[in-house]
Each structure stands twice: as C-alpha cells, then as structure tokens.
Amino acid sequence: MDARPSPLSLKKVGSGRSEVSTVSGLLGLGGGEDQRSSLPSPSSSASSSMFEYFGWVYHLGVNSIGHEYCHLRFLFIRGKYVEMYKRDPHENPGIKPIRRGVVGPTLMLEEVGRRKVYYGDVYVLRFFNRLEESKKGEIACATAGEAQKWLEAFDQAKQQAEFELSRGGSARNKLNMETELNLDVHRPRVRRYASGLKKLIRIGQGPETLLCQSSSLGANGSTDGYFERDIGDAIEAYKWKCVRTINGVRIFEDVANSESGKGVIVKAVAVIDASADTAFEVLLNLERHQRYEWDMLTGDLELLDSYDGHLDVVYGTFDPRWHSKRDFIFSRQWFRGQDGTYTILHFPAVHKKKPPRSGYRRTKINPSTWEIRNLNTSMGSNTPRCLVTQMLEINSAGWCRWKKNHCSKFEKSVPYALLCQVGGLKEYIGANPALKFETSTTVIQSKVSEVSVSTAEFEESEVKDEFYDAMSADSSSSDEELDQKDAKLSLKRTSAADATNKELDSEVAPVMIDTSQLHGTLRTGKDDTDTNCWTSPSGTGFMIRGKNYLKDNSKVMGGDPLLKLIGVDWFKVDKTIDRIALHPRSLLQSEAGKKLPFVLVINLQVPAKPNYSLALYYAADRPAKPNSLFAQFVDGTDMFRDARFKLIPSIVEGYWMVKRAVGTKACLLGKAVTCKYFRRDNFLEIDVDIGSSSVARSVIGLVLGYVTSIVVDLAILIEGKEEAELPEYILGTVRLNRLRLDSAVHLKV
271 MDARPSPLSL
281 KKVGSGRSEV
291 STVSGLLGLG
301 GGEDQRSSLP
311 SPSSSASSSM
321 FEYFGWVYHL
331 GVNSIGHEYC
341 HLRFLFIRGK
351 YVEMYKRDPH
361 ENPGIKPIRR
371 GVVGPTLMLE
381 EVGRRKVYYG
391 DVYVLRFFNR
401 LEESKKGEIA
411 CATAGEAQKW
421 LEAFDQAKQQ
431 AEFELSRGGS
441 ARNKLNMETE
451 LNLDVHRPRV
461 RRYASGLKKL
471 IRIGQGPETL
481 LCQSSSLGAN
491 GSTDGYFERD
501 IGDAIEAYKW
511 KCVRTINGVR
521 IFEDVANSES
531 GKGVIVKAVA
541 VIDASADTAF
551 EVLLNLERHQ
561 RYEWDMLTGD
571 LELLDSYDGH
581 LDVVYGTFDP
591 RWHSKRDFIF
601 SRQWFRGQDG
611 TYTILHFPAV
621 HKKKPPRSGY
631 RRTKINPSTW
641 EIRNLNTSMG
651 SNTPRCLVTQ
661 MLEINSAGWC
671 RWKKNHCSKF
681 EKSVPYALLC
691 QVGGLKEYIG
701 ANPALKFETS
711 TTVIQSKVSE
721 VSVSTAEFEE
731 SEVKDEFYDA
741 MSADSSSSDE
751 ELDQKDAKLS
761 LKRTSAADAT
771 NKELDSEVAP
781 VMIDTSQLHG
791 TLRTGKDDTD
801 TNCWTSPSGT
811 GFMIRGKNYL
821 KDNSKVMGGD
831 PLLKLIGVDW
841 FKVDKTIDRI
851 ALHPRSLLQS
861 EAGKKLPFVL
871 VINLQVPAKP
881 NYSLALYYAA
891 DRPAKPNSLF
901 AQFVDGTDMF
911 RDARFKLIPS
921 IVEGYWMVKR
931 AVGTKACLLG
941 KAVTCKYFRR
951 DNFLEIDVDI
961 GSSSVARSVI
971 GLVLGYVTSI
981 VVDLAILIEG
991 KEEAELPEYI
1001 LGTVRLNRLR
1011 LDSAVHLKV
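Residue numbering for the sequence shown follows the numbering used here, starting at 271 and increasing by one per position.
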C-alpha cells in the first residue's frame, strides 16, 4: 500500500507489489539507449526564456496482479525533459526522480474527461504515440483547468523537441540518443543535468489542498489562468432582449427566434466572483447537502451512468413546492473549450435502470445549456470572475401568456425556477469564501541567465485567443470589458487581391480553373433553399485577426477566400481512410484534377457507424509564392502546421442546442485532434481524425443526429502570429446544406 494518501482522500491507492504502468514505457519518443544529461546550449539564433512546469498529478495504472492504482506523483517538465517524483523536489533537495525521459514530436495527448476513481472524481489525460498506439498511459488532475494547463505544458515541451530536431546535425543525433519517460517497473539510473532555466510555472496547488479536493469542492482549487475572451468568430443571428431582472440576474428572450414561430429561447445571465472551474464543479456536483443550498427546483439527484468522461445520465425528483410526486431523467454532456469556457448540455432522456416509479409522474425536462467563461479580473484585484449563462427552451404559448397577462404567474413556473438556478449559484458561491480563490498558477523568476529556445513560433504566446477566433452578435455579453472589445472591433474587410499577391507566385501565369470538368460525389447547390449539397460562401460571416491584432486584438471581417472550392466528396467507409486524394474515386484523380497547379485537400474523418469522410478540394490557379506564409504551411513541418491550421465553424440554421454545442470559436485543429499531413507534387492533404478526441466525438455525434436539418459554414485559414503575417486571410470556405447520411457514396479501400 502506498504510504501517501491520494489527492482525493482515497484510502486504497495502490499495491506494494511491483507496478506495471499502462504507459508502457513512454511519454515521449527519443529512442536509443544512452540518456543525455544536459540541456541545449545557447545558440546564436533567437534567444528567450525557457519554461519549467511542475505540480502534483495522479498516476493511473494497473499493477502486475491486475489491480488498478492511483498514485500521487510530482511531475516536472524542463524544456523537453520530463521527471516524475514521489515528493516535491523543491522541498526535498537531492531527491532522485523515479521516472525520467523526453517528450518527442510524436507524443499525442487526449483529454479523456471526468472519471470516478475510488471515492472521488478526477480529470484524465491519456498519452499515446501516434506511430505506435500500444504505447499509452494516463495521468489525472483534480480540476479540468489543471488538466488543460498540463496539456499546454506538454505541447510546449513538444515544440522545444521539434525545434531541436529542426536544427539537425548534432542536435538531432543527441535527441535520438535520449530515452523516453519510462513509467514501467524498470527505473533506469540517470545522471542529473543542469537546470539553467529562467521561469517556473506551477500548475495546481500543493498536496495539502490537493488532498482535500473532490467534486464536493471542500477546499480551494485552481483556476485556468488568465485569458481575455472574445465573443466569438462567426456572426450569429441572435436578438436578445432583457425582459426581467431578478436579484442581479438578467433574463433574456431571443426575439429573432420567437418571431420565427419556432418556440422561445430564454436565458439568464450573471457575473459570479469565482473562476469558471469553480462554477463548473459546483454545477456538476450532485451531492444533496450542497445542492440544497442553491438549487430550489430539484430534490434529490442520482447519477445513473457515465460514458467516455463527457456524458452522464442523471435521475432526479422535483422539490415538492414545484411539482409534487414528479421525477425526471436527463443526460448531461459537457466539454471544456481550449480557452477555458465550459459548455454543459441538458437533454431529456430515458434509462433502463430507472423505469417509471410507482406513485410518481415521469416529467420531460426542458432542454437547456450552461455556458461558463472566465472574465478579466478588475484593475487592482486578483479575485477571479466568470460569466454564467443558462439557456432554456420553453413552450411559446405559455411564454406569451406569462408576458401578456399576469407576470406573477411566471414566478410559479418551472422555467422560472430553472432560470433562478443562476441566481442561486451566484449567491451560494458568494456566501462560501472557500470557493472563491485566486489563481494558483505562479511564475517564479530565477537568477539563471536565459537559455536558447526557438523563435516566436515556439514561445509561450500571450495572444489571448490562441485557439479560438470567431465573433457572435450575442448581446448578453454586455459586460463593460465586452463593450470595450466591440469599440475596438473593426468591420473593415480584408482584401482577397492583397492575399493573392502576397501568398501566390505572381511570376507564374494563372491557370483557368474550369469547374465544369471537376465533379465530386456531393453536388453543388443551386441556392440557399437547396438540400444535400454544398456551396462556397464569402468570408464576410467570419471575423479574423486584423493588421493591428498584436497591438489591440482588433478583428476584421473576412474577405473572399484565397483558394477556390472546386468540389466535395461525401464518402461512406468501413474504416477510417487516409490519403484519400490517391484513391481512384477521388476528384483529384480525374484528368482535370491532375492538371491543377495546387490543391489543398481537407479530409474530415467522421466517426460513426459506418464511418464517413468529407473531402474538400481547394484549388489555387498558381503555385505558392516562395517564402510566403502559405508556402511555409504547404512545405513546412507537421509541428508548424499543427500550430497554424485553424478552422472556424458556424451553424447558420439548425436546432439551437446544436448551435451552442458547436459554437462559433475558431480552433487550431492540430491542437484539438490528430491531423496527418501528406504532401505530393500538386497537393497537400490534411487528414483530420475527429474521432481522436472524445470531446470532438461527442459533439459530432450530436451534430449527426440533426444533420438533415442544419446548415453548416466552415472557414479554414492559417493563423497569423507575426506582424508580417497579418492581417489574416481566409484560405477557403464551404457551406454544407442539410446533408443526408444515406447519400454518401460507399468507398471500398
């Protein structure tokens, strides 16, 4: 038995027998036998500060006799090196690591989600080698915010490893000789190496507070750090009108949706003096005594089942004041955006474990969503704040009666009680100082001189919307900071001509692209009312980084795409297929396709039963201009592509809960899911494995359920990070109009 109690006050945390980790020997890929002991020496290239990340995590695994264990371990990331300790090395100088290795470019991390371990909930990260998926393992954190910080820390280590490999020569040989972090039973003896690093970033808090953390939030947790938020990056058609204010909570009605006769969407909005992590944990907690303090609608809640860490099913009863002898079942689907924003979807559900209860009437709950996002802290204050929004779909006839007749009747309704949960949550957190904590991420300056790392591409950027870039017209965000954002927002369109001259080779004569000779399996739409088809909209519905973005975070309206969408293939496949452009049925294998100067192929691999592939073909009328950002992307490294390939989604028409699930924020796809790149003479193919992320799988599963009734716009672009790369431009767009799954053409591999 491990002598140290686990972070969730777990009594049984492992076995005294020799343990066999599920990580089977690696967190990163270096290869070789001799483990080097020195950090990269300073170089004449760009020099900046290297980071160290450290904090407590849970090491999950299975021992040699098949028993699961959960061990508290101290993890330390220095550059590309990773060490694991039984105790904090800062408090125990001279202690030796029990594991050590390097993080390599082929390391992949997946956020598995929430999992119950013995008597508490943790947030699990899974590691695997994309070239050898049998090498895998898991660590876990007390909060989703800490899990995201560790994802960023390992990504930074991967970038450092990639930079060293890019230097070639002795650096490449040196990295190849280094071993990976081995979490197996064998612990190789290693030599200590210099720790000449400047900045230390602590993730999470010490074991004293960590030991008390559980889903009941009995102690302080950690925030997700500092981010500045955008509203979104795709323009939405909401028209929110404030219809009531109750105890500091605003209640809105979507006037646009009401006028369309599709029912009524209402929402309650409040600013809470706590981090988004804290509010999220309180919302997910089903513990009776805590729930009674803020939720006046529900009685007892019971967890029936959990799936893939991001979906569970809950049974509950109403408080007798609202509904006597009535019960309900609902599913909760949640995910955390890479900007720290949480989204929770509530749907009515059924479950075999809870048939109708004698003496109770089974009620169907209203579909609803929660969105929780961090706000900037006030000037001179370290108190975290978050904006909590609850959206609710209610019967339009009842809503109209409440508005036109006696408003007091609304206060007696279940929708009113649901919306008041926001107010209850705000007051509960305000009355419990233990839940209102400052960020636990601290930066410690050392006295050591700077060491060499890569240029800005590999630095820890402070750009606030690293993973997201879309704009919403959601007027609920009328907080003072968002008003300032709107004041700075420029609606000036980017010029397609400027992008063409900047990114495509002007010395090569353009080729006329005759789309009549190019035919994909999905037909081109005639107009917006057409179905099961595609069109290519302009970029005006998307907001992208402007020329002065690095100075004032200003966004501009997108212009016409640089590349032309020439066709779409909609395939049904028995198993996931890569390099689809080489398949004889691919549009690119036609005679006209082979003559094109350059084609960017986006192969969206959709996990389902069966699987689907949506292949988008974007053509240029001439090759990329040498040394342009587009050329760097086309012919660059996979690490560069992962850090720059960005997609902005937008549900133009469709069920409102699908819109909330998909969102309008841009995503660096290489950071969210596994992307594989295949370069040939006249094309670059990007295979996007949506199924590689449990979060993406759950969202796409929801979308497929409504796919025949939704219109989806997508924009792809290369993220601009340097002043010379701004303003951004849109590579290509596509509108998918009410696709039918049965229209997909079966593709034999």
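Quick reminder that beta carbons are idealized off the backbone N, C-alpha and C, glycines included. Every value quoted in this text rests on a predicted model; they were computed, and no experiment measured them.
Mapping the DSSP letters down to three states, classify residue i as helix, strand or coil.
i       : result
Lys511  : strand
Leu401  : coil
His789  : coil
Gly863  : helix
Trp840  : strand
Leu832  : coil
Ser666  : helix
Met782  : coil
Ser964  : helix
Val869  : strand
Gly407  : strand
Trp564  : coil
Leu554  : helix
Gly795  : coil
Glu1022 : Since the first and last residues shown for the chain are 271 and 1019, residue 1022 lies out of range.
Arg357  : coil
Glu923  : strand
Output the distance between the C-alpha atoms of residue i and residue j, rounded to the nearest integer angstrom.
i      : j       : result
Arg602 : Asn362  : 43 Å
Ile783 : Ser962  : 35 Å
Lys356 : Phe344  : 6 Å
Met909 : Glu993  : 21 Å
Phe321 : Thr611  : 25 Å
Leu705 : Ile542  : 11 Å
Glu697 : Glu563  : 9 Å
Glu434 : Ala417  : 26 Å
Gly975 : Ser1013 : 15 Å
Gly349 : Glu432  : 11 Å
Glu641 : Thr613  : 5 Å
Pro312 : Gln430  : Because Pro312 sits at a pLDDT of 28, beneath the cut-off of 50, its placement in the model cannot be relied upon, and the point is left open.
Gly693 : Ile699  : 10 Å
Ala544 : Gly586  : 27 Å
Phe259 : Ala913  : With the chain covering 271 to 1019 only, the question about residue 259 has no answer from this structure.
Asp800 : Pro625  : 43 Å
Does the beta-carbon of residue i have 16 or more other beta-carbons within 10 angstroms, so that it is buried, or is it exposed?
i       : result
His337  : exposed
Gly1022 : Here the chain comprises residues numbered 271 to 1019, so residue 1022 is not present and cannot be evaluated.
Leu689  : buried
Gly940  : buried
Gly325  : buried
Pro685  : buried
Lys864  : exposed
Leu480  : Its pLDDT being 47, under 50, Leu480 is placed unreliably in this model, and the coordinates cannot settle the point.
Leu379  : buried
Gly790  : buried
Val826  : buried
Cys803  : buried
Arg627  : exposed
With a Cβ-Cβ cutoff of 7 Å, do residue i and residue j count as a contact?
i      : j       : result
Ser964 : His580  : yes
Asp575 : Gly415  : no
Ser808 : Gly816  : no
Gly990 : Leu996  : yes
Ala936 : Lys916  : yes
Pro919 : Val781  : no
Leu556 : Leu571  : yes
Asp582 : Gly569  : no
Val327 : Tyr351  : no
Thr376 : Asn399  : yes
Leu984 : Val1015 : no
Lys386 : Phe397  : no
Are the C-beta of residue i and some C-beta of chain C separated by less than 7 Å?
i      : result
Val583 : The structure shown has no chain C; it contains just one protein chain.
Please indicate yes or no: does the CB of residue i lie closer than 6 Å to some heavy atom of the ligand FAD?
i      : result
Val525 : This structure lacks the ligand FAD, and indeed carries no ligand of any kind.
Touching by the beta-carbon criterion (3+ pairs, under 8 Å), the stretch 1001-1019 and the stretch 948-965 | no
Taking one C-beta from the stretch 818-831 and one from the stretch 871-879 each time, how about it: are there three or more such pairs within less than 8 Å?
-> no
Can we say the stretch 924-934 touches the stretch 831-840, given the rule of at least three CB pairs closer than 8 Å?
-> no
Counting Cβ pairs closer than 8 Å, one from the stretch 895-914 and one from the stretch 796-808, do we hit at least three?
-> no
When the Cβ atoms of the stretch 878-888 are set against those of the stretch 850-858, are three or more pairs found closer than 8 Å?
-> yes
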